[in-house]
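Residues 1 to 72, numbered by UniProt numbering, are exactly what the sequence shown covers, in order. Cβ atoms here follow ideal geometry from the backbone N, Cα and C, with glycine treated the same way. Bear in mind the structure is a predicted one, so any value in this text is a computation, not a measurement. See structure below.
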Amino acid sequence: MREALAPETEYQIIRSETPIWEDGFKIGEPTGEIECCSCGRSALNIDEIPHKKDCNQRWAKTGYWRARFLAE
Ligand SMILES: [Zn+2]
């Protein structure tokens, strides 16, 4: 799972591809959603992305979550 933590392949910020009157965001403006580069699923919170079952980044979490799991 080491590659799952490689920062350059983890996630990308979704940017609006439609005008502001379509979705409230200007073209190219980040919508606040994060997309998993491996399976293409997205969510507003990086820890809540519903990864596909075979996604190799399924268990990749933010530093916040890693720290919590290690503490418990
Ligand atoms: Zn994924």
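Under 7 angstroms Cβ to Cβ from residue i, same chain only, skipping five residues before and after it: list those, please.
i	result
E29	R15, S16
R58	H51
I13	P30, I34
G32	L44
Let me check one thing: in DSSP terms, what residues is residue i bridge-paired to?
i	result
S42	E35
R15	P30
Please go through the same chain and pick out, in chain order, the residues whose beta-carbon is closer than 8 angstroms to the beta-carbon of residue i, but skip the five residues on each side of it.
i	result
P19	K26, I27
Can you give me the C-alpha to C-alpha distance between residue i and residue j, rounded to a whole angstrom?
i	j	result
L44	E22	19 angstroms
E10	L70	21 angstroms
Near residue i, what residues of its chain come up, given a Cβ to Cβ distance below 6 angstroms and the 5 sequence neighbours on each side ignored?
i	result
I49	C36, R41, A43
K53	none
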